[in-house]
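Residue numbers (the working numbering): 627 to 766. Remarks on the structure that follows.
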C-alpha cells in the first residue's frame, strides 16, 4: 500500500496536463479563456489538461498564453508554489498587487442575504402548499 502511494504521487507530479490546469487556475483563467487564446475549443483544453504528455510545440503555445515558460510548466510543483506565496514579502511599493480585491466580509454577507431570500421563497412555497391542501380538504 505504501509503495502504491509513492507511485501515485510520482505519477501525479509528472502529469503535464494537471500542471497546466493548476497554473491556469492560479492565473484565474477559465478553460474557455485559454481555449480562445489558443484558438481551440474548450473541450480540447479539457482533453489537453487530462493528457499526461503534450508535444513540445503545443506546450510552448500554452506556456506563452499562461505567461510562463515551458520549463515552468514542466517543473511546476504545488508545494513550491504554496511555499513561494506563503513566504513572499511585498516590498515593491504597489508594483505587485497580491492583496485581496474584494472584502471577504462583504462576500459573506452577500451569501447570507442570498440564503435568507432563498429561505423566504421556500417558506412561501410551503405556505402555498399548506393553503392548497387545506382548500382540498375543505372541498371534500
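Cβ coordinates follow ideal geometry from the N, Cα and C atoms, glycine included. These figures come from a predicted structure and were not determined experimentally.
Residue range 682-692 is occupied by the alpha helix (DSSP H) that includes residue 682. C-alpha of residue 746 to C-alpha of residue 671: approximately 41 Å in a straight line.
The Cβ-Cβ distance between residue 668 and residue 657 falls below 8 Å. Less than 8 Å divides the Cβ of residue 643 from the Cβ of residue 674. For residue 737, the enclosing alpha helix (DSSP H) covers residues 730-764.
Counted as a single uninterrupted DSSP element, the alpha helix (DSSP H) harbouring residue 673 occupies residues 668-676. With contacts defined as CB atoms closer than 8 Å, residue 685 and residue 666 fail to qualify as a contacting pair. Ranked by how close their Cα comes to the Cα of residue 652, the residues 729, 738 and 694 have 694 in first place.
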